[in-house]
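Going by the numbering used here, the first residue of the sequence shown is number 38, and it counts up by one from there. Even glycine gets a Cβ: it sits at the ideal position worked out from N, Cα and C.
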Amino acid sequence: MENPKFSRVADNDFSKTLRRRVNLYFKTNNLSKKANTTMVTKTVVMLSLFFIPLILLSTGLVTQTWVLFSLYIICGFGMSG
38 MENPKFSRVA
48 DNDFSKTLRR
58 RVNLYFKTNN
68 LSKKANTTMV
78 TKTVVMLSLF
88 FIPLILLSTG
98 LVTQTWVLFS
108 LYIICGFGMS
118 G
């Protein structure tokens, strides 16, 4: 099966228009294209929800079944984020 090929020349006007509109959106709404504090906070929380339970599970310190399942569920929420 062949991979689809897309022409860059045909969509050049579309790409330029899209890029211009996105830049205009950020400029008119006075938003940064980089992450703001909300995004940084969300990233830290979601990575913590993934890595902290993963570290606890890999150390073998937790032996109770319900705690193991809870850590796996929390780790799953962190992964989905």
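- Boundaries of the alpha helix (DSSP H) around Asn49: Asn49 to Thr65.
- Between the alpha carbons of Phe106 and Thr100 lies a distance of about 10 Å.
- Rounded to whole angstroms, the separation of the alpha carbons of Ser95 and Val82 is 20 Å.
- With 16 or more neighbouring CB atoms inside 10 Å of its own CB, Pro90 falls in the buried class.
- For Gly115, the enclosing alpha helix (DSSP H) stretches over residues Thr102 to Ser117.
- The beta carbon of Lys70 sits closer than 7 Å to those of Phe63, all from its chain and outside the five residues before and after it, given in chain order.
- Linking Phe114 to Leu93 through their CA atoms gives a straight-line distance of about 16 Å.
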